[in-house]
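If you're matching them up, the sequences are chains P and Z in order.
Just so we're aligned, residue 3 is where the first sequence starts under our numbering, counting upward by one.
Just so we're aligned, residue 410 is where the second sequence starts under our numbering, counting upward by one.
We treat Cβ as the ideally placed atom computed from N, Cα and C, and that holds for glycine.
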Amino acid sequence: SAVISQKPSRDICQRGTSLTIQCQVDSQVTMMFWYRQQPGQSLTLIATANQGSEATYESGFVIDKFPISRPNLTFSTLTVSNMSPEDSSIYLCSGQGGNRGNEQFFGPGTRLTVL
Amino acid sequence: KQEVTQIPAALSVPEGENLVLNCSFTDSAIYNLQWFRQDPGKGLTSLLLIQSSQREQTSGRLNASLDKSSGRSTLYIAASQPGDSATYLCAVHNAGNMLTFGGGTRLMVKP
Numbered sequence: 003s004a005v006i007s008q009k010p011s012r013d014i015c016q017r018g019t020s021l022t023i024q025c026q027v028d029s030q031v032t033m034m035f036w037y038r039q040q041p042g043q044s045l046t047l048i049a050t051a052n053q054g055s056e057a058t059y060e061s062g063f064v065i066d067k068f069p070i071s072r073p074n075l076t077f078s079t080l081t082v083s084n085m086s087p088e089d090s091s092i093y094l095c096s097g098q099g100g101n102r103g104n105e106q107f108f109g110p111g112t113r114l115t116v117l
Numbered sequence: 410k411q412e413v414t415q416i417p418a419a420l421s422v423p424e425g426e427n428l429v430l431n432c433s434f435t436d437s438a439i440y441n442l443q444w445f446r447q448d449p450g451k452g453l454t455s456l457l458l459i460q461s462s463q464r465e466q467t468s469g470r471l472n473a474s475l476d477k478s479s480g481r482s483t484l485y486i487a488a489s490q491p492g493d494s495a496t497y498l499c500a501v502h503n504a505g506n507m508l509t510f511g512g513g514t515r516l517m518v519k520p
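As structure tokens, this is what we get:
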């Protein structure tokens, strides 16, 4: 069954900088999503990454802060821009479709700490 | 707007005990429901997926049930082991392919 990898697995960044997180699926999926998990909290959907077009963002999340790319059916990136300590979270990529059907499956996450 | 609630928020049991984790959701128009496991600082591992037309799914010592009309699901873990210690998350799948997550149940199984 399909597997998702994310890079980097963790990073410590300075305030005001940006970080791009990569998500790679080892087989084609229909849907890709980006979630945020703040410390001690559950997951919140940031956006749906659409292949070849602009991502669909959930309420409270905007493209200028979280630009997303999805150039093909197996790869997506999320950039966290102009970071502040409040952006310290685990960022998770997920996929759905392909050989895993309706099941949504997740990458290992990227643990981001902003100083 | 869909809301998902998990009870209890935390649970500590001795090894070998059978246990039930509860999940409730407000909007019964769901496509499916998934149970996940998350170890500290790690990503999510999908445990069971129940389609909206199904009543239950089983995998090893895990059994998940779904009562869509009442907006409830349970995850039953038989003969718990210390290795089962983790946070268990329930998520419902609505229109638009988005998952709405509950707050999770933090499980500790003591040897």
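Could you check how far apart the C-beta atoms of residue i and residue j are, in whole angstroms? I think they sit under 8 Å.
i, j, result
"Z/SER433", "Z/ARG481", "5 Å"
"P/LEU47", "Z/MET517", "With 8 Å as the limit, P/LEU47 and Z/MET517 do not qualify as a contact, their Cβ atoms being about 28 Å apart."
"Z/ASN441", "Z/LEU458", "6 Å"
"P/SER86", "P/ARG17", "6 Å"
Kindly list, in the order they appear in chain Z, the residues whose Cβ is closer than 8 Å to that of residue i.
i, result
"P/SER44", "LEU498, PHE510, GLY511, GLY512, GLY513"
"P/PRO110", "LYS451, GLY452"
In chain Z, which residues lie less than 9 Å from residue i when you measure between Cβ atoms?
i, result
"P/THR94", "The question names Thr, yet the displayed sequence has Leu at residue 94 of chain P. Within chain Z, the residues near P/LEU94 are GLY452, LEU453."
"P/PHE63", "Under the 9 Å cutoff, chain Z gives no residues; its nearest Cβ is about 13 Å from P/PHE63."
For residue i and residue j, I'd like the C-alpha separation in whole angstroms.
i, j, result
"Z/LEU418", "Z/SER455", "Leu is not the amino acid found at residue 418 of chain Z; the sequence shown has Ala there. Approximately 19 Å, taken between the alpha carbons."
"P/SER91", "P/SER20", "14 Å"
"Z/LYS477", "Z/LEU428", "21 Å"
"P/ILE14", "Z/SER461", "41 Å"
"P/VAL116", "P/SER78", "22 Å"
"Z/TYR485", "Z/LEU430", "6 Å"
"Z/LEU453", "Z/ARG446", "6 Å"
"P/SER7", "P/PRO73", "16 Å"
"Z/SER366", "Z/ILE439", "The structure shown does not extend to residue 366 of chain Z, since chain Z is modelled only from 410 to 520, so the question has no answer here."
"P/VAL82", "Z/ASP493", "34 Å"
"Z/CYS499", "Z/GLN443", "6 Å"
"P/VAL64", "P/SER55", "15 Å"
"P/LEU114", "P/PHE68", "14 Å"
Ignore the nearest five residues each way along the sequence and tell me which others in residue i's own chain have a CB closer than 6 Å to its CB.
i, result
"P/ILE70", "ALA49, ALA51, ALA57, LEU80"
"Z/ASP436", "GLN411"
"Z/GLY512", "GLN415"
"P/SER96", "PHE35, GLN106, PHE108"
"Z/LYS451", "none"
Run through chain P and tell me which residues come within less than 9 Å of residue i, C-beta to C-beta.
i, result
"Z/TYR440", "ASN104"
"Z/MET507", "PHE35, LEU47, THR50, GLU60"
Using a Cβ cut-off of 7 Å, pull out every chain Z residue sitting near residue i, in sequence order please.
i, result
"P/ARG72", "Neighbours of P/ARG72 on chain Z: none; closest Cβ ~14 Å, over 7 Å."
"P/ARG113", "GLY450"
"P/PHE77", "Per Cβ cutoff of 7 Å: no residues; P/PHE77 is ~17 Å from chain Z at best."
On the criterion of 16 or more Cβ atoms from any shown chain inside 10 Å, does residue i qualify as buried, or is it exposed?
i, result
"P/ASN84", "exposed"
"Z/THR496", "buried"
"Z/ALA487", "exposed"
"P/SER44", "buried"
"Z/THR509", "buried"
"P/THR22", "exposed"
"Z/VAL501", "buried"
"P/ASP89", "buried"
Skipping 5 residues on each side, what residues in its chain have a beta carbon closer than 7 Å to that of residue i?
i, result
"Z/ARG464", "SER474, LEU475"
"P/LEU75", "GLN30, VAL31, GLN53"
"P/LEU94", "TYR37, GLN39, LEU45, PHE108, GLY109, GLY111"
"Z/ASP448", "ALA495"
"Z/GLU424", "SER489, GLN490, PRO491, VAL518, LYS519, PRO520"
What residues from chain P crowd round residue i, counting only those whose CB sits closer than 8 Å?
i, result
"Z/GLN443", "GLU105, GLN106"
For residue i, which residues in chain P fall below 7 Å Cβ to Cβ?
i, result
"Z/LEU458", "ASN104, GLU105"
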